[in-house]
Structure formats: C-alpha cells, structure tokens
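Structure record follows, encoded as structure tokens.
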Amino acid sequence: MSVLAVGAVVAIAATAGTGVLVRTAADETAARIAATEQLTASGDRASDQLDAHGLMLTARATSDAEAALDGAAQAIAAARGKSDAAELEASVAALQVYDLLAPERIFELVDLADAQAATVRAEIAEFDRIVAEKAAAAKAAAERAEAERAAAEQAASDRSSEGTASSPAPPSNPSEAQAIARDLMAAQYGWGSDQFGCLVALWDYESGWNVYASNPSGAYGIPQALPGSKMATAGADWATSARTQIIWGLGYIAGRYGTPCGAWAHVEANGWY
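Position 250 of the sequence shown, counted from 1, bears residue number 250 in full-length UniProt numbering, the numbering being contiguous throughout.
Written out as structure tokens, the structure is:
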C-alpha cells in the first residue's frame, strides 16, 4: 500500500462520524496518536499492522473516556450546593457516547472534562475552606462570649461576697442614722459588720447620710430614692424620718443587689446604684 493510501486511511478514521473538528487540545491529541504517525512515515506497512494499531488507539481512547467519566461523576456529586458543574455535566453527556466517536474526538472530550473537573474540585475546596473558617470564627466568638460572661459573673460574685478584703471598714463611731441602719440590717437581713462598712460607704457617697439630701434629678433622702415619694411605701413620714428612709433603702438594696457590698461594687464600677 502506498504512502498516499495509508494517509487516506488515517484521514478517514480521524473524521468519520464527527465532521470537521475544532481542536482545542491539538498537542495532546497528536501525542496520543504518535504511533499512527510513525506508521505513515514508513512506505510499506501491512494492513494488519494498521488494524492492530487502530485497535490499540481505540482501546486507549475507551480507557481514558471511562476514567474521565468516573472522575467527573465524583466531582459532580461533590459539587452539590458548592460549585456550578453545568459545563462539566455537558461534557460528560457528550463523552458518554464515546463508543460512537473517533478516538481523536474522545481524547478532546477527555481533556475538556478533566480540566472542568479540576476546576470544580478547586471550587469545592474553596467553598469548604470558607465554611470551615466561618465555623471556626463563630466557635471562637462563642467561646470568648462565654469566657467574658463567666468572668463577669465571677467578678460580681467576688464583689458581693461577704467578708471580702475590698469591703470598706465600718466606722468606729457611727452616727445616729448609721446606728439605726446597723441594727436594722442585722435584725432584718442578717448582715454583719462587713456589710455595714459597705452600706456606710454607699450612703456616704450618695447623700452623706443626710435625711434631706436632694438631687436635681428628683432623688431624695439618705438612700437617694428616685423619686423620693417611693419611700412612702415604708412610712408616711418618709420625707423627714431617717428610720423610714433606711428601711426603704435596705429593701431596695436587698432586692436589686443582694447585699450592701453588691450595691457598693456597682457604684464603684458605674458611679450609681
């Protein structure tokens, strides 16, 4: 068979059933069919040699197609909700009929599907990375918030604990109003001298233990009730009686802060109670 005839056989095999091909991976295709070019370079090859080579080329094309389809299927399955695999799915649809295609066309589709699968896998990896980073950030934020909450609770507990080293010392010579408060807090709430020291510091700060102390905001009396008329719940003489004001003030402290030291810690931290 002449060189011209052999060339015609190869040309027919390359175009049968496919029409004119637009080659997007010409170099790769040429490498895969190098054996065919070697055959055509010889002037006298037996037809059985050409047939054997054609079978080998077809077998390789089939193997490559099946491997590419398997890899593409895995990428498509993993891409759900993470990557747009529409182009890869289109290439898979074209490659699935590889038994009807010429080897050259199969090799082109394999190259295209492999490249698209690689892109999809990269997008999946990036999606997973972003999700993992967000999850780690959310976990860290939750852990910080929990640590801050626990620290705040511990600090509040430390401040309100009886007998803490930071509690102000009670006065050695309390005033008359202070003596009333000391007796009432012990009898009604069971608070000791450490709480009495905090109470003295608290109302020294608020009113100087002045029954008539007033504030432009409307706060009034020893405990600086706002408005002062709130103290009427403790007695009708709330505007002039230290005892009535103290009874009301101790009840307010117990209900809102638990102890005088708890109230004093709040004042130290915020400037008011």
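Quick reminder that beta carbons are idealized off the backbone N, C-alpha and C, glycines included.
Rank the options by C-alpha distance to the C-alpha of residue i and give the top, closest one.
i: Ala73; options: Ala213, Asp64, Glu89 and Arg60; result: Glu89
i: Ala65; options: Ala213, Leu55, Ala94 and Ala177; result: Ala94
i: Glu153; options: Gly271, Tyr273, His266 and Trp272; result: His266
i: Ala59; options: Leu69, Tyr98 and Trp209; result: Tyr98
i: Ile180; options: Ser167, Ala169 and Phe196; result: Phe196
i: Ala86; options: Val120, Leu69 and Val200; result: Val120
i: Pro216; options: Gly208, Pro227 and Gly54; result: Pro227
i: Gln96; options: Ile124, Glu123 and Ala67; result: Ala67
i: Trp264; options: Glu108, Asp194 and Ile76; result: Asp194
i: Ala118; options: Ala138, Ala136, Asp70 and Gly251; result: Asp70
Mapping the DSSP letters down to three states, classify residue i as helix, strand or coil.
i: Ala225; result: strand
i: Ser214; result: strand
i: Tyr220; result: strand
i: Lys82; result: coil
i: Trp248; result: helix
i: Asp237; result: coil
i: Asn270; result: helix
i: Thr24; result: Note that Thr24 scores a pLDDT of 48, beneath 50, so its modelled location is shaky and nothing firm can be said.
i: Glu91; result: Note that residue 91 corresponds to Ser in the displayed sequence, not to Glu. Three-state result, Ser91: helix.
i: Tyr257; result: coil
i: Gly54; result: helix
i: Trp209; result: coil
i: Ala165; result: With a pLDDT of only 45 at Ala165, under 50, the local geometry of the prediction cannot be trusted, and the value read off the model is given with reservation. Coil at Ala165, not helix or strand.
i: Pro103; result: helix
i: Gln96; result: coil
i: Gly262; result: helix
i: Ser63; result: helix
Cβ contact (3+ pairs, closer than 8 Å) linking the stretch 71-85 and the stretch 96-109: no
- request: Indicate whether the contact test is met: 3 or more Cβ pairs, each with one atom in the stretch 169-186 and one in the stretch 229-246, closer than 8 Å.
  value: Below 8 Å, enough C-beta pairs join the stretch 169-186 and the stretch 229-246 to call them touching: three or more.
message: Does the contact criterion of 3 or more C-beta pairs under 8 Å hold for the stretch 245-256 versus the stretch 185-199?
response: yes
message: Taking 8 Å as the cut-off, does the stretch 198-215 touch the stretch 251-262 (at least 3 CB pairs, one atom from each stretch)?
response: yes
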